[in-house]
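*Asks:* Sharing a structure, written as structure tokens. Questions coming.
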Amino acid sequence: MEKDNLTICRCEEVTQAEIKEAIKLGLTTINEVKRFTRAGMGLCQGKICWRLVMSLLSQETGRPPSELMPPTSRPPTRPVSLEILSRTKRTTGSNCG
Amino acid sequence: MRIKDHPILGPSEWGKRITLMIDGQPIEAFEGEPIAVALMAAGRRVLRYTKKRHEPRGIFCALGRCIDCMMVVDGKPNVRTCITSAEDGMIIETQTGDEQWEKG
Chain A
1 MEKDNLTICR CEEVTQAEIK EAIKLGLTTI NEVKRFTRAG MGLCQGKICW
51 RLVMSLLSQE TGRPPSELMP PTSRPPTRPV SLEILSRTKR TTGSNCG
Chain B
1 MRIKDHPILG PSEWGKRITL MIDGQPIEAF EGEPIAVALM AAGRRVLRYT
51 KKRHEPRGIF CALGRCIDCM MVVDGKPNVR TCITSAEDGM IIETQTGDEQ
101 WEKG
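For the protein sequence lines, the chains are A and B, in the order given. In case it helps, this note's numbering puts the first sequence at residues 1 to 97. In case it helps, this note's numbering puts the second sequence at residues 1 to 104.
Next comes the structure, spelled out in structure tokens:
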């Protein structure tokens, strides 16, 4: 209990207490916890916190980590500016130059 | 505060001395080193503040994965300073939360 103000999701500032509360309300997957608390929705898309959320889910529900699917992070894997994407040339297929 | 002689990597080699502007104050840096490194060497560990609780953040992962080190660099927000090379005359500002681009 004394660790409940621990920050789990650094990007969206979600604490351990908020995640535990979400799990108590009946959420059972990382994606559900993400949609309820915003943990994993920030700029790093859960890179830092998803395993911590999985660990809390496993701890609170008793389900093993192997049963808990990773969350659906949104691409790109690393931030890429649209300028770089607009300059990318095709290197495969019939129209490549 | 920079490592001058590493026990495994050996003596450090630094490039040209340059000046960066941090929130209006000039600091010395070496060309090409990460901006966050230059800031830490200048004694500055807090790089930004969070949106909700206004908490300080600095270097955390140092790999470009965690977004804690983001600052506004030459007007561009959300630049990960741990993996961005310092260039002479760069203008760097503290940001709060996920900053927006300036309009106009």
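Glycine included, every Cβ here is placed at the ideal spot set by N, Cα and C.
1. Confirm, please, whether the CB-CB distance from B:R65 to A:R38 is below 9 Å.
2. Could you tell me whether the Cβ of A:R78 comes closer than 9 Å to any Cβ of chain B?
3. In the stretch 3–25 of chain A, which residues sit with their C-beta less than 9 Å from some C-beta in chain B, listed in chain order?
4. How big is the Cα-Cα spacing for A:G40 and A:K34?
5. Spatial neighbours of A:E13 within its chain, please: CB distance less than 7 Å, with the 5 preceding and 5 following residues excluded, ordered by chain position.
6. Under 8 Å by Cβ, that's how I've got B:A86 and B:G32 pegged, so tell me the actual separation to the nearest angstrom.
7. If we ignore side chains and look at the alpha-carbon of each, how far apart do B:I8 and B:R2 end up?
8. State the CB to CB distance for the pair B:V73 and B:M90, rounded to an integer number of angstroms; the pair is presumed to be in contact (CB under 8 Å).
9. Keeping to the same chain, check which residues put their C-beta closer than 7 Å to that of A:I19; ignore five residues upstream and five downstream.
*Replies:* Answer, in terms of the structure:
1. no
2. yes
3. T7, R10, C11, E12 and E13
4. 6 Å
5. T7
6. 7 Å
7. 15 Å
8. 6 Å
9. I8, V33, T37, A39, V53 and L56
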